[in-house]
Amino acid sequence: MTRSGWILLLLMMLAAAACRKPTLIGDDLIPPDDYLYSERQDTFSVFTTVLRDDSAVTSNNLFFPLGSLDEEEVGRSTASLYMQVNLPTNNLFLGNNPVLDSLVLVLDYAGLYGDSMAQHSFNVYKVIEPLYASKLYYSDSKVLTLPAAIGRKANFVPNLKDSVTVLGNTMPPQLRIRLTDQLGTEFTEGDTLKFLNDTTFTNFLNGLVVQPDTSGGHSSSMIIVNPYDANSGLTLYYHTDDADSLTAKFPFSGPK
81 MTRSGWILLL LMMLAAAACR KPTLIGDDLI PPDDYLYSER QDTFSVFTTV
131 LRDDSAVTSN NLFFPLGSLD EEEVGRSTAS LYMQVNLPTN NLFLGNNPVL
181 DSLVLVLDYA GLYGDSMAQH SFNVYKVIEP LYASKLYYSD SKVLTLPAAI
231 GRKANFVPNL KDSVTVLGNT MPPQLRIRLT DQLGTEFTEG DTLKFLNDTT
281 FTNFLNGLVV QPDTSGGHSS SMIIVNPYDA NSGLTLYYHT DDADSLTAKF
331 PFSGPK
């Protein structure tokens, strides 16, 4: 073959190679299962704040929560109960020379929310401003009380199933907190004018508040009580020159 022939053959081979599809070198070096995937990610800051719920009317209910609760979902909650104490009857007469045996605050159980085996502790204080049954009280209402507790029940588990026996009488499950003898003797001693009517009596005793003691931490349940139940109230146990084992029940009203 002449020199011009060799040149023509070489040009034809180069033209044929240039018409082939391009091939990626090494496209089969990484197995399909090992392919790398990527995505876009933005980094930004989020600022949040906790807003307090609006207050709610808590008076004029039938059942009331009482206690403290620590839940992961809603945080910590506390519920106290303020109550006005009324006379069982106008012109109450306790008898000749009444002598105190005990004064007990009684609240009938109506239910429980949370851990039924959780312990509770409560303190009772005297209210030093009038409470009005006709007034609306809210969850953030403030009522003045004396700083010294007049009753305490500590580290107990509420029993909502078993009855209690008081002076030989079987009573339904209830919260019972004995109050100080100092307050009790104010009932049995002194001027009997305080027993004339509800007005004179509330001048003598504005009311009581039962508050959960959270100094050792919050509980994990709330007790539900009914202060209007016939078994609820402030019960005075006493005796006179003429009789033993006497009682006077002072009902509650105006709680919040």
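Residue numbering for the sequence shown follows our numbering, beginning at 81 and increasing consecutively.
By construction, the Cβ of each residue, glycine as well, lies at the ideal position given by its N, Cα and C atoms.
Assuming contact is defined by CB atoms lying nearer than 7 Å, are residue i and residue j in contact in what I supplied?
i, j, result
"SER139", "LEU187", "no"
"ILE239", "PRO253", "Going by the sequence as given, residue 239 is Asn instead of Ile. Against a cut-off of 7 Å, the Cβ pair of PRO253 and ASN239 comes out as a contact."
"ALA338", "PRO145", "Absent from the model: residue 338. The displayed extent of the chain is 81 to 336, so no value can be given."
"ASP321", "ASN141", "no"
"GLN291", "ASN235", "no"
"LEU183", "LEU255", "no"
"PRO210", "ASN286", "yes"
Which two residues bound the contiguous alpha helix (DSSP H) that contains residue i?
i, result
"ASN283", "278 to 284"
"ILE124", "According to the sequence displayed, residue 124 carries Phe and not Ile. That residue, PHE124, is in no alpha helix (DSSP H); it is neither H nor E in DSSP."
With residue i as the anchor, note down where its beta strand (DSSP E) starts and where it stops.
i, result
"PHE236", "231 to 236"
"LYS329", "326 to 330"
"ASN306", "300 to 306"
"ALA159", "155 to 159"
"GLY296", "First-last for GLY296: undefined, no H or E at that position."
"LEU167", "Premise fails: LEU167 is in no beta strand (DSSP E) and is neither H nor E."
"THR320", "Premise fails: THR320 is in no beta strand (DSSP E) and is neither H nor E."
What is the DSSP secondary structure of residue i, reduced to helix, strand or coil?
i, result
"PHE173", "coil"
"PHE143", "coil"
"THR272", "helix"
Decide if residue i is buried, meaning its Cβ has at least 16 other Cβ atoms within 10 Å, or exposed.
i, result
"MET197", "exposed"
"ALA328", "buried"
"PHE281", "buried"
"PHE124", "exposed"
"VAL126", "exposed"
"ASP191", "One detail in the question is off: residue 191 reads as Gly in this sequence, not Asp. Result: exposed."
task = Go through the stretch 178 to 265 residue by residue and report every complete run of the beta strand (DSSP E) that reaches 3 residues or more, in order.
result = 179 to 194, 200 to 207, 231 to 236, 244 to 246, 249 to 251, 254 to 258
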